[in-house]
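The numbering of the sequence shown is my numbering, which starts it at 5 and goes up by one. Every residue, glycine too, gets a C-beta built ideally from N, C-alpha and C. Source: prediction; values computed, not measured.
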Amino acid sequence: MMSRHRKKLVAQDGKIEIRPPSIATPLNGDTRIDLVEVRQAFVGMGKEELMKFANDPFWVRLRWSLFVFFVLLWFGMLGGAIAIIAYAPKCSAPEERQWFEKSPLYSLNADQIKDSNGNDLPLAD
Numbered sequence: 005m006m007s008r009h010r011k012k013l014v015a016q017d018g019k020i021e022i023r024p025p026s027i028a029t030p031l032n033g034d035t036r037i038d039l040v041e042v043r044q045a046f047v048g049m050g051k052e053e054l055m056k057f058a059n060d061p062f063w064v065r066l067r068w069s070l071f072v073f074f075v076l077l078w079f080g081m082l083g084g085a086i087a088i089i090a091y092a093p094k095c096s097a098p099e100e101r102q103w104f105e106k107s108p109l110y111s112l113n114a115d116q117i118k119d120s121n122g123n124d125l126p127l128a129d
């Protein structure tokens, strides 16, 4: 069974033929691709058709009402954002810091340091 899968793929007569791709060939693999039909897809109405609807009173009113709705909605959101900022609870005042929190550095007098027995430590000679 293994030997069947390991056979080389050659033509019946044992010769190998290489064919370069040709531009004149209308086939791409097994499927014919016609690019002209692909480019002619529906893209919408033409200018003449659009101009028929541009001045129609229904569409003019609809465009203006949607524009006014958008502007009112925009100003409403702006007012809402301002109201949220204005009515939000204020931050409480920070608590008074302890003496060791007021600065990242603290100076110690080495002469005043004592060990657990109360004896002076010989730090400064």
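Beta-carbon proximity of residue i to residue j, cut-off 8 Å
{"i": "residue 63", "j": "residue 57", "result": "yes"}
For residue i, the residue or residues it bridges with in DSSP
{"i": "residue 56", "result": "Bridge partners of residue 56: none, in fact."}
Simplified DSSP state of residue i, which is helix, strand or coil
{"i": "residue 118", "result": "strand"}
{"i": "residue 87", "result": "helix"}
{"i": "residue 109", "result": "coil"}
{"i": "residue 47", "result": "coil"}
{"i": "residue 104", "result": "coil"}
{"i": "residue 96", "result": "coil"}
{"i": "residue 128", "result": "Low local confidence applies: a pLDDT of 49 at residue 128 is under 50, so the model's placement there is unreliable, with the coordinate-based value given in what follows. Coil at residue 128, not helix or strand."}
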